[in-house]
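Reading through the structure tokens given below for one structure.
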Amino acid sequence: MGRFAKTLELKGVPTVGAAAETMVNYGIDYDFKYTNGMPIRYVAFPFPVAGQPPEVHKRYVEGEDRLSHKPMMTAIVDALTKPLTENETFKGVPPEARPEPRLLPPDTEANLQRLFKDKDWTDYNSIILPTEERVAAMLKGTSHKPDEVVATLSWPGGDRKLTVEKAAIAAVMAGARPEFMPLILAVATRVPFGNSTSSMANMIVVNGPIRKELGMNSGTNAMGPHNEANAVIGRVFTLLSKTVGNLHSGKTTFSTLGSNLQYNNLTIAENEELLPEGWLPLHVQMGFKPEDSVVTIGIGWTYISSVGEVQIGYPPQNLMRDYMHALSSSGSAATIVVDPTVAKLLKDVHGFNKKEDLSAWLSGNVEKTVASYWGNGVVSTVNSAMALQGLEPLATWLKAPPDTLIKPFNNPKSIQILAVGGNIQTTWFVTDFRLGRGVKVDDWR
9 MGRFAKTLEL KGVPTVGAAA ETMVNYGIDY DFKYTNGMPI RYVAFPFPVA GQPPEVHKRY
69 VEGEDRLSHK PMMTAIVDAL TKPLTENETF KGVPPEARPE PRLLPPDTEA NLQRLFKDKD
129 WTDYNSIILP TEERVAAMLK GTSHKPDEVV ATLSWPGGDR KLTVEKAAIA AVMAGARPEF
189 MPLILAVATR VPFGNSTSSM ANMIVVNGPI RKELGMNSGT NAMGPHNEAN AVIGRVFTLL
249 SKTVGNLHSG KTTFSTLGSN LQYNNLTIAE NEELLPEGWL PLHVQMGFKP EDSVVTIGIG
309 WTYISSVGEV QIGYPPQNLM RDYMHALSSS GSAATIVVDP TVAKLLKDVH GFNKKEDLSA
369 WLSGNVEKTV ASYWGNGVVS TVNSAMALQG LEPLATWLKA PPDTLIKPFN NPKSIQILAV
429 GGNIQTTWFV TDFRLGRGVK VDDWR
């Protein structure tokens, strides 16, 4: 909210933010220090706001501002019309967004490990301390210059530059080897991790020859803690998000529950060798060549396991359809991760000759009521504004009776299918992760 208020204020439009009393200090204090570099005026409502009946919201508006203790509407008018104080005229780099010095003074191993944790620069597991010598050795894994900017992170605050050297620092901390650097740099173009009060996470999918070069696991236990490359690549993404990305709990990120998935960000490699004939790897579906090495980053919340093996009386696609009703993003996207045995079964027994056939079937067969659809907070937040502007089919769904059945996954291209696993059991996961555009790893060699 503060970012949007800042944009309007810079255009000369007086603005006041409104937040629940449990979050308003983030806008007043942390948002200024870490994100905006411009104080924004706020009013505060009682908590909770979401899920309350209209009469409660009416009472909030007719009640008092929890900050000034004035009547709410008086507080809003005052915030919009009273002249700025000297402090409120400040604008510039957020005071706390300035990066730390490049080098720290020498100290003992134990003290430095403690310092990195106290600064919230780690995932609270032990790290390899990034000495100049170790970082220099890591940089030998790429031809790119240490000061080359991989990405500029404009939020939260400060237009922080993620350079090749900073990526190498995080790589050392995570325990990477120099040959991991091209993939790490490609991943770094998509930093930081998902940051929302709704407690989202990320998925990292690797395709192409780089999987074998780095010894990534796409087979047995691919989604578990059993492979160096899978573990390290996902960890680097989190460390970069916290260090260069400046995402710190209670300061610049307020995920109410958080997500355990952020330790590794569901880092997997697709088992391309065991794809059935006609089922293309993810990166080839996106338009890359089979010989390209590509990493794709997704964002989401949830995954649901089939738990047991496929049953003859109820085809796997039917159970996938059923489980997709429960996905937290409720229709915006899905990624289905299947063991290669399931992929072969879907093709040979059920006639899905390519991944796109299964995506189209799921798109056309997942149904839910509009009440359930709009009852999801993510859907309501993201899609209701577009519905009010007349975008179809959202506009029709918004006006429909609550028990009307709709097909929320109306874009088959938003449903991705990945083959991962050890060819041991007919198991699969349904997830609500939306995969973005792939990044070519070879560009970062």
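Start counting the sequence shown at 9; every next residue gets the next number (this note's numbering). Yeah, the Cβ is synthetic: ideal placement off N, Cα and C, and Gly gets one too.
- In the displayed model, G25 falls within a strand according to three-state DSSP.
- The region 226 to 239 makes no contact with the region 288 to 298, as fewer than three CB pairs between them are under 8 Å.
- Separation of the CB atoms of W452 and L193 is rounded to 4 Å, and the pair is thereby assigned contact status at 8 Å.
- Taking a contact to require three or more Cβ pairs closer than 8 Å, the region 205 to 219 and the region 298 to 308 qualify as touching.
- Here the C-alpha atom of Q121 lies approximately 30 Å from the C-alpha atom of I305.
- W129 carries a coil assignment under DSSP once its states are collapsed to helix, strand and coil.
- The Cβ-Cβ distance between V64 and A26 does not fall below 9 Å.
- Secondary structure at M211: strand, using DSSP grouped into helix, strand and coil.
- Nearest neighbour of T15 by Cα position, chosen from A403, P47, T82, turns out to be P47.
- Going by C-alpha positions, L290 is about 8 Å away from E278.
- By the criterion of a C-beta distance shorter than 7 Å, V378 is surrounded in its chain by W405, A408, P410, T412, I414, once the five residues flanking it on both sides are discounted.
- The alpha-carbon of S207 is positioned some 19 Å away from that of G444.
- By the beta-carbon neighbour count (other beta carbons within 10 angstroms, threshold 16), D440 is buried.
- The beta carbon of N419 is closer than 8 Å to those of S371 in its chain, skipping five residues each way along the sequence.
- A buried status is given to H152, since no fewer than 16 other beta-carbon atoms sit within 10 Å of its beta-carbon.
- In the DSSP assignment, Y311 falls within the unbroken beta strand (DSSP E) covering 311 to 313.
- For W436, the secondary structure class from DSSP, reduced to helix, strand or coil, is strand.
- Cβ-Cβ distances below 7 Å link K352 to P284 in the same chain, with the five nearest sequence neighbours on each side left out; the list follows chain order.
- For P298, the three-state secondary structure derived from DSSP is coil.
- Inter-segment contact for the region 313 to 327 and the region 384 to 391 is absent: fewer than three beta-carbon pairs are separated by less than 8 Å.
- Taking C-beta atoms under 8 Å as the contact rule, V172 and P154 qualify, at a distance of about 5 Å.
- Inter-residue distance for D330 and G59 is about 26 Å (C-alpha atoms, whole angstroms).
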